[in-house]
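J.: For my numbering, add 119 to where a residue sits in the sequence shown, where the first one is 1. Just so you know, even glycine gets a beta-carbon here, dropped at the ideal spot from N, CA and C. If you scroll down you'll find the structure; I have some questions about it.
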Amino acid sequence: MNRRIAVPVHIISPGAINQLTGGYGFLRRIRDGLTARGEEVRVHELPGPHPFVDEPSRRTADEMMSMIPDGSVVLVDGLALPVAAHALWVDRYRLRMTALVHHPLHLEAGLDVEEADLLRRLERDTLAYVRRVIVPSRTTAADVMALNVPEKRITIANPGTDPASPSTGSGGEPPVLLCVASLTPRKGHLVLVEALSRLRHLPWRLVLVGAERHPGHEVALREAMTERGIADRVELAGELAAEALEAQWRGADIFVLPTFHEGYGMVAADALARGLPTVVSQVGALAEFVPPAAGGLVPPGDAEALARALGPLIADRNARTQAANAAKAAGAGLPNWDDTVSIIRTALAQSLASNPEIEQIA
């Protein structure tokens, strides 16, 4: 079923929607896909920083949400839940609201106990005000149900993956390892540094693509690289536009993502689509679509296990070829964006129906 929404769809983005991360990319694909299907889509960019915001930002969110016409369909990105929390409560009767939860905010690495508890309670409360919750994976669906959201209100929409040309590799020695991930503690860069410091006897080069989104993390990363004696073998490329990022994909020999949690892991799907040997943490949704034969699934935070997975791929071209073949096969079975947008469109259309559970919220 692919139902027409027929009323304007208002996307609530936590800051500028053009930011170069997987989550914002997901929002843009929803915006563009709905527009291509004839839906009227409007984007509202709420001020931050996110998720911990100040009172002026909350007031701005209240004012912006109050201007959305009655009966409109609203899709709120999960990262915007804290800044929009009051508005979600105030407008829960007049707007048809759906949340897009990439992964629960309280599961982010680097939070102290009080911060995590605050976000968990906030997410639990605000998700009670929305009619539907869209998640990217079965793993995130389970995480959301743990926040008291009934399964019948949850829609799983795996992110699509674009067709891509196979990675051609570096063409020689040393092999190039590529990690595409924002510089935050959750992505596990420090674990990767520790793992590669145990492989200094092998030839390799590492490229880290991603902007710093956690104050001080890049400094800590550079210090760790220097202490482990591998700083001269690592390039911090920063955030890259599409063409420059594509060049990094083409020249890579191995993809690695030692993350502590992922709601889905779109970048790992991109690696598989390119037939790139892929080593990731066995955590979150990654194990749902990354086969061990494609490179390796390792426990999060385990530098020794990560080194054991990477070592043979770095040292043996034949091992890389076998992993690349498995990655290519897995990539061929990934969902496409047309299917993803169709699922989301149907969920948003369903939010127009009356929802007694929401109407009864005091």
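Does DSSP put valine 338 in a helix, a strand or coil?
T.: helix
J.: Of the choices Ala350, Glu270, Ile253, Arg436, whose alpha-carbon is the least far from that of alanine 466?
T.: Ile253
J.: Alpha carbons only, please: which of Ala203, Leu219, Gly291 is nearest the one belonging to glycine 142?
T.: The shortest C-alpha separation from glycine 142 is found at Leu219.
J.: Among Ala283, Val126, Leu429, whose alpha-carbon lies nearest the alpha-carbon of alanine 412?
T.: Leu429
J.: Should the stretch 362 to 375 be called in touch with the stretch 385 to 401, which here means at least 3 C-beta pairs below 8 Å?
T.: yes
J.: Would leucine 364 pass as a contact of alanine 330 if the rule is Cβ separation under 8 Å?
T.: no
J.: What is the residue span of the alpha helix (DSSP H) that isoleucine 462 lies within?
T.: 456 to 469
J.: With valine 172 as the anchor, note down where its beta strand (DSSP E) starts and where it stops.
T.: Run containing valine 172: none; DSSP gives neither H nor E here.
J.: Who are the near neighbours of methionine 184 in its chain, counting only those whose CB is closer than 6 Å to its CB and skipping five residues on each side?
T.: Ala206, Asp210
J.: Just tell me which of Met216, Pro278, Thr259 has its CA closest to the CA of arginine 250.
T.: Met216
J.: Can you tell me whether threonine 245 is helix, strand or coil according to DSSP?
T.: helix
J.: Which residues mark the beginning and the end of the alpha helix (DSSP H) in which alanine 204 is found?
T.: 200 to 209
J.: Apart from the five residues on each side of it in sequence, which residues of its chain come closer than 6 Å, Cβ to Cβ, to alanine 314?
T.: Counting only Cβ-Cβ distances below 6 Å, and skipping sequence neighbours, we find Ala422, Leu425, Ala426.
J.: Report back the beta-carbon spacing between serine 132 and leucine 165 to the nearest angstrom; my notes put them in contact at under 8 Å.
T.: 7 Å
J.: Does the beta-carbon distance from proline 223 to leucine 266 come in below 8 Å?
T.: It is a contact, given that the beta carbons lie within the stated cut-off.
J.: Excluding the 5 residues flanking glycine 414 on each side, which residues of the same chain have their C-beta closer than 6 Å to its C-beta?
T.: Excluding residues within five positions, the ones whose Cβ falls inside 6 Å are Pro396, Thr397, Val398, Ala442.
J.: Which residue from Val126, Asp457, Leu416 puts its Cα closest to that of proline 188?
T.: Val126
J.: According to DSSP, simplified to helix, strand and coil, what is valine 220?
T.: coil
J.: Looking at the structure shown, is aspartate 196 part of a helix, part of a strand, or coil, going by DSSP?
T.: strand
J.: For arginine 215, write down the residues that DSSP places opposite it in a beta bridge.
T.: Val192
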